[in-house]
Amino acid sequence: MSEERLSGVDVLLAAFRFHPVYAGPAIRFKRYAPGLRDRGIDLGVFSAHLEDDDTVGSGSWSDGDLLDVDSVDGIPVQRVHVTDAGPKRQLVRYYRSLARHLEASAPRPDVVQLLTLTPWASPWYRNIRRMGLPLVYTSTMMPTPGLAWYKRRFDRIPLRWLDCVVVSTGVMRDAIGTPGARVRVEVIPNGLDLDRFRPPESADERRVERRRLGLDPAAELVLFLGGVLNHRKGVDVLAEAWGRIAEARPAARLVLVGPHADELRPAGPQAAFLDRVRRDLSSAPGGLERVVFTGPVDNVQDYLRAADVFVFPSRKEGMPNAVPEAFGCGLASVMTPFEGLPQEFGRPGREYVLSPRTPEDLSGSVVALLESPERRGELGASARAWVEANLGVDRSLDRYADLYRELTERAQARSR
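Take the sequence shown: its position 250, counting from 1, is numbered 563 in this note's numbering, and each next residue is one higher.
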């Protein structure tokens, strides 16, 4: 194969949700796009447009209709309309449309990069693979433990059509590489942009950042970053712990960065969960006046630089973006043991504090850090050094670029 052909590899990112409604993996690949482009990898996106979307103007569409291609930060985005049929059926319809779109495309991409995988869409993965297109799936979550054997077997059906599964941690690799899962698995950690996610250069910069964000320059800021409505993220435990933190530290303020009721209009269990969280926060000293709900933001790094302590009480993860981002900003971090906690996050007591997931223990760990600027500084400096040595984005971009080129070479060799 000529070097000229390999210098430009086209990768289609199959992201069910993309700008402006993101999940963590889509955000990460959007940030990866410029670096991949520098390495000769051109990224395009195939995303879903749902019934309640109002982000691309109004119109009348039927299921499977392709919208006009738009551009997000220089990335071409092709959206397909998917009618409301429940999450599982919507995802299947999305992949059906992806397969049909690829079949009709000329030229086709060199590689298809998946961000979601469902056994119900296996026929469409098979069709894509039979077009000679390599399929890569980036898994972002630990497998569900304790499933019955037939459910585990069903969940593995799509793996037979994949060329590679990419995971971000060794823990995830070991979980996926169980008997019956015969698929190539590569570990590529979530790379961090060390220039974007950097510590504040001085206390003055932190104060200026706070004023710009409308936060109290003199407060002790405790930051949570993630889905406020997501039980898995553990914000309910933090809400219970907040009363003790607020009582012990009158200057403390809680900043919740992520979606909340005003943006997502929750219903059913989500609404009940949010009500319980708000009740716990309201009953703390100072009530909701000491709590900031930011909603979705594009400048996460500014909030991280403005904060004193980052709290991550999650129950289950793969390799969440939020933790390396906090580390990169030199922010002292408190985590609870979660299913999938990776060695790639460093050592408890050195790069972060590991607290039992109880309101009593979590509040005690946070209060201890608020009481000790010196300890916060030690943890933050160690965390920053760790991500510089282990999680820089260039290493991850090189690995993805090499993988896409290798798979392109093999696919073209098979077609000869």
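Quick reminder that beta carbons are idealized off the backbone N, C-alpha and C, glycines included.
Identity of the residues DSSP links to residue i by a beta bridge
i: P389; result: S384
i: F359; result: A327, Q391
i: P661; result: Y665
i: A565; result: E533
i: V334; result: Paired residues: none, contrary to the question.
i: S646; result: F623
i: Q426; result: L326, V449
i: G705; result: L505
i: I354; result: V322
Exposed unless 16 or more other CB atoms sit within 10 angstroms - verdict on residue i
i: D601; result: Inspection of the sequence shows that residue 601 is occupied by Leu rather than by Asp. With fewer than 16 other Cβ atoms within 10 Å, it is exposed.
i: A639; result: buried
i: D575; result: For D575, the predicted structure reports a pLDDT of 45, less than 50, and the residue's modelled location is therefore unreliable. The matter cannot be settled from this model.
i: A426; result: It should be noted that the sequence gives Gln, not Ala, for residue 426. Answer is buried; the Cβ neighbour count reaches 16.
i: K343; result: buried
i: S418; result: exposed
i: M444; result: exposed
i: P655; result: buried
i: D508; result: exposed
i: V605; result: buried
i: V479; result: buried
i: A554; result: buried
i: E522; result: buried
i: T457; result: exposed
i: K401; result: exposed
i: R524; result: exposed
Separation of residue j from residue i, as counted between CA atoms
i: N503; j: L704; result: 7 Å
i: A361; j: G377; result: 9 Å
i: Y717; j: L448; result: 10 Å
i: R592; j: V610; result: 24 Å
i: D386; j: P347; result: 9 Å
i: D323; j: R660; result: 38 Å
i: Y345; j: T453; result: 16 Å
i: T755; j: V548; result: This structure gives no information on residue 755, because the portion of the chain shown stretches from 314 to 729.
i: L472; j: R497; result: 9 Å
i: L430; j: E684; result: 45 Å
i: L475; j: A531; result: 53 Å
i: R628; j: R729; result: 49 Å
i: R708; j: D588; result: 42 Å
i: E673; j: A681; result: 12 Å
i: V570; j: D397; result: 29 Å
i: R259; j: A552; result: Outside the displayed range of the chain (314 to 729) lies residue 259, so it cannot be described from this structure.
i: N543; j: V424; result: 32 Å
Where residue i falls: helix, strand or coil (DSSP)
i: A419; result: coil
i: M455; result: coil
i: R511; result: coil
i: A574; result: With a pLDDT of 42 at A574, under the threshold of 50, the predicted position of this residue should be treated as unreliable, though the coordinate-derived value follows. If DSSP states are grouped into helix, strand and coil, A574 belongs with the helices.
i: G608; result: strand
i: S596; result: helix
i: M485; result: helix
i: G677; result: helix
i: I501; result: coil
i: E522; result: helix
i: E630; result: coil
i: E364; result: coil
i: E684; result: coil
i: V478; result: strand
i: L379; result: strand
i: L710; result: helix
i: L617; result: helix
i: L538; result: strand
Closest Cα partner of residue i within the set the options
i: F623; options: G608, G641, R525; result: G641
i: R465; options: Y616, A681, P432; result: P432
i: P420; options: V706, L325, E701; result: L325
i: A559; options: V535, N543, K546; result: V535
i: L567; options: A585, L617, A584; result: L617
i: P563; options: L538, G483, E533, R352; result: E533
i: P539; options: G337, Y713, A702; result: One point to set straight first is that residue 539 is Gly, not Pro, in the sequence displayed. Per the Cα distances, G337.
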